[in-house]
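Presented below is the structure to which this report refers.
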Amino acid sequence: MSPLLYEDPVLLRGDLHKHAALLACESFQFAAGIIAVPLNISEFALAARCYPIVFADTETMLPLAVTGLSAASNLFVDDEGRWSDGTYVPAYVRRYPFLPVTTPGSDALMLAIDRPRLIERDGMVREDEPDRLFDGEQASPLAAHALDFCERYHRDHLRTAEFVAGLRDRDLLETRRADIHLPDQSQFRIDGFRMIDRTKLRALPDDCLGDWFRKGWLDLAALAEASQANWQTLLDRHAARGASADTPPARRRSTRKRADA
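Just so you know, UniProt numbering puts the end of the sequence shown at 261, numbered straight through with nothing missing.
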């Protein structure tokens, strides 16, 4: 099964893709249908201003930024594929269509791309073409930059997994649900996520709390807790989008000048 957002990841190789180029994403339309985005711990401070931060109710229990309340409706991407101004765009989304691939028995990472964003050509790609992926069989500046981003993302992912492992070892991630009540009296329930149990967190032994303080993990827990205020932001966005959908388009006034003007 392919990772979230990706249809068919393919490993980039200079010998196979030396004539290939990137089909750039012109908008965030590719993310319009996701309601939760994977998040790394270095992003908590920025993400906590915009999204509720929860943890997946899966084996990984990795952090997620909640971006929607109903299936296939990202409340931060509009009909034209624009991400909401002034809100943080998670690195997982900015990384697309690239992703890092680990090689068995090695710490080295290789670069992959979602196949729909790969342009494969028979002829040579011009050296001045900005979206080319290779210069001969060597990575182009575009591909080198993408690999650097993916490497930094992967290192942060490993630190995130360490933080989650600490939470799991102390049994701090509790299954939760959100009962949503809308102004029109409709309601629905969101489940399938976990949150940090504050009572258990405060009851940790002093030596553990000291260690977590030095690691910055207590700050991360506090940011995740503070981010829960953003459920109201999601409700407001959901209500506004529903109101917009129910409102008929306004009649446009003619802007053409009169012939005698």
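Think of the CB as a built atom: it goes at the ideal place given N, C-alpha and C, for glycine as much as any other residue.
- The C-beta separation of V164 from L4 comes to about 17 Å, leaving the pair out of contact by the 8 Å criterion.
- A178 has its alpha-carbon roughly 29 Å from the corresponding atom of D156.
- When secondary structure is reduced to three states using DSSP, Q187 falls in the strand class.
- Ranked by Cα distance from L182, the first of T60, I119 and A239 is A239.
- Contact between V77 and A32 holds, since their C-beta atoms are separated by about 4 Å, short of 8 Å.
- Counting along the chain, R155 sits inside the alpha helix (DSSP H) bounded by residues P141 to D169.
- Counting only the Cα atoms, D15 lies some 20 Å from P116.
- The beta-bridge partner set that DSSP reports for Q138 consists of D135.
- Per DSSP, the continuous beta strand (DSSP E) segment holding L111 begins and ends at L109 to D114.
- In terms of Cβ geometry, I190 and L69 form a close pair [threshold 8 Å].
- Going by beta carbons, E151 and P205 fall outside the 8 Å limit.
- Nearest neighbour of R82 by Cα position, chosen from S42, I53, W217 and C25, turns out to be C25.
- Collapsing the DSSP output to three states places L172 in coil.
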